[in-house]
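Positions 10 to 428 (my numbering) are the ones given, in order, by the sequence shown. Beta carbons are placed, not taken as given, at the ideal position from N, Cα and C, and that holds for glycine. Data first, discussion second: the structure below is written as structure tokens.
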Amino acid sequence: MMQAGANVSDVDAAIVDPTTYADEERYHALMTQLRRDDPLHLCTPPGFRPFRVVTRHADIRRVELDSRTFINYPRMNLQPLEMEERVMAATGGRRYTARHLVVMDAPEHQHYRGLTQRWFLGKQLRPLEDRIRDLAREAIDDMAARGGSCDFVEDVALWFPLRVILMTLGLGRDDERFLMKITQEIFGPDDPDNRRSTSPDARFETIAEFSRWCDALTAARRAAPTDDVASVIANARDPDGQPIAAIDAMSYYLIIATAGHDTTSSSASAGLLELIRHPDELHKLRADPALIPNAIDEIIRWASPVKHFFRTAAADTEVAGVAIAEGEHLMMAYPSANRDDAVFEDPFAFRVDRRNAREHVAFGYGPHVCLGQHLAKMELRILFEELLARFDRFELAGEPAWTQSSFVSGLKRLPIRFS
Ligand code: HEM
């Protein structure tokens, strides 16, 4: 139970308030208090269906590993009740606008994940290393051409992961502005800088626009398959052996394009900011570049760009001694678990040589663990290798700013000087 100076309704209001997530200190103070006093806090904010916030590392792992008891459908992420009702009305009773891996459960989930899993495994990705390095060098050439200062988010971090994703989907530069816009509209419906419009139908307009683009992509890859992920998806079969339905293909492109882009760019920006804030850690990396892969895990632990996903109890059960009734919803607070001192010594210290940085749960855990984790780590490793090789000095040139979103969020401005 909540104690020590916390007014429960203030806590609940803060958890659903997008601005909390744009203020790292405020967010982490709240989560630290919950981990200590009420690790499965029951949140009942007005205008939302109630849910519990799972804040400890061990509890998130336990819930996500037991995917029979804790299922992904029907609640994926935090939405006001009014929006949930709109989605149901617009989709004939479904609770989602796109039918992708994150809203599926076994056995369907295994089938659809299996379609592309081999493509995203570490050793399959090795042949992409040179192409990804070319993209990183190009991003850094553009940065250098800016003459010593830039907004690292706008000018570098947003574009490089998007281009990697375009490459995996076999798409060219013509599509990059379109996909950037779609991702920002989907992840930033509450952020004044990123949303499509304030219309309650903005999300449906975004999905409709994206669906038209996807149908053309599927038709092209069916007519002339290549070796990219889009061809795998376009020519896939559903569990009954029929060609994949248009909504399933669209949803698959969507999850890869969106999940693979903002998350990685947020991690890149957060990583550079922490290296600027901690010159001693930057020095360690320069002295021993073999530390970079470990530093990438520490950066991802630190950034935790996915703020939550939900699970729903399919049966009466318990977590850490707290009874959970069938139908209760659980919010997995990944950034909180990644500051849990039961796992990470001195969790608020950023250490590129942290011994167990890899134990973070920023990629989730269990059967739904991030499909693109090896790709994400590879592209971040290459980006930092190239950044450190090219520039001697980085410093802040203004105030960083974070996006206002309780779902996927991170830096939206990082003004820097470099030489
Ligand atoms: C640092 C970058 C990234 C982070 C922090 C991240 C984080 C996550 C998280 C937390 C989940 C949910 C896992 C769970 O429910 O247990 C997830 C799922 C997923 N991610 Fe990532 N992700 C990243 C990059 C990528 C990339 C580059 C791709 C590109 C393919 C990608 C594709 C996916 C997909 C397809 C899923 C759904 C998996 C499933 O439900 O089976 N992600 N990611």
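Distance from the C-beta of valine 378 to the nearest heavy atom of the ligand HEM is below 7 Å. With contacts defined as CB atoms closer than 8 Å, glycine 419 and serine 275 qualify as a contacting pair.
Apart from sequence neighbours up to five positions away, the residues of its chain that approach asparagine 365 with a beta-carbon distance below 8 Å are Val352 and Phe353, ordered along the chain.
In summary, glutamine 193 is buried, with 16 or more beta-carbon neighbours lying within 10 Å of its beta-carbon over all protein chains present. By the beta-carbon neighbour count (other beta carbons within 10 angstroms, threshold 16), leucine 130 is exposed. Residue burial is scored here from C-beta neighbours: glutamine 251 has fewer than 16 other C-beta atoms within 10 angstroms and is therefore classed as exposed.
Taking the CA atoms as reference points, leucine 49 sits about 38 Å from aspartate 160. By the neighbour-count criterion, in which a residue is buried when 16 or more other Cβ atoms sit within 10 angstroms of its Cβ, lysine 386 is buried.
Boundaries for valine 238: no beta strand (DSSP E) harbours it, while the alpha helix (DSSP H) harbouring it runs 238 to 243, taken from the DSSP string.
Around the beta carbon of glutamate 34, fewer than 16 other beta carbons sit within 10 angstroms, so the residue counts as exposed.
Contact between threonine 106 and phenylalanine 213 holds: CB atoms are separated by about 7 Å, below the 8 Å threshold. Following the DSSP letters along the chain, one finds aspartate 289 in no beta strand (DSSP E) but inside the alpha helix (DSSP H) bounded by residues 288 to 296.
Here isoleucine 242 is near threonine 125, since their CB atoms are less than 8 Å apart.
Checking the DSSP bridge columns, you'll see leucine 51 partnered with Arg61. Apart from sequence neighbours up to five positions away, the residues of its chain that approach histidine 109 with a beta-carbon distance below 7 Å are Ser260, Tyr261, Leu263 and Ile264, ordered along the chain.
For histidine 338, there is no enclosing alpha helix (DSSP H); the enclosing beta strand (DSSP E) has its first and last residue at 338 to 341.
Cα atoms of alanine 322 and arginine 61: separation of roughly 11 Å, rounded to the nearest angstrom. Annotation for valine 331: the continuous beta strand (DSSP E) segment containing it runs 331 to 333. Between the beta-carbon of valine 328 and that of aspartate 68 there is about 5 Å, and that keeps the pair under the 8 Å contact cut. By the neighbour-count definition (other C-beta atoms within 10 Å, threshold 16), valine 370 is a buried residue. Within 7 Å of the C-beta of leucine 420 there is not a single heavy atom belonging to the ligand HEM. Closest by C-alpha distance to threonine 78, out of Ile301, Glu395 and Ile333, is Ile333.
Nearest neighbour of leucine 137 by Cα position, chosen from Phe427, Leu384, Phe416 and Trp411, turns out to be Leu384.
For aspartate 68, the enclosing alpha helix (DSSP H) begins and ends at 66 to 74. DSSP places proline 424 inside the beta strand (DSSP E), whose first and last residues are 424 to 427. Rounded to the nearest whole angstrom, the C-alpha separation of valine 238 and serine 76 is 26 Å. Secondary-structure assignment with DSSP links valine 417 through a beta bridge to Val315. Cβ-Cβ distances below 8 Å link proline 116 to Pro248 in the same chain, with the five nearest sequence neighbours on each side left out; the list follows chain order.
Straight-line spacing of the CA atoms in phenylalanine 219 and glutamine 382 works out to 24 Å. If you look at valine 370, you'll find it isn't in any alpha helix (DSSP H); DSSP assigns it neither H nor E. If you draw a 10 Å sphere on the C-beta of arginine 246, you find fewer than 16 other C-beta atoms in it, and that means exposed.
Classified as buried, glutamine 88 has 16 or more neighbouring CB atoms from the shown chains inside 10 Å of its CB.
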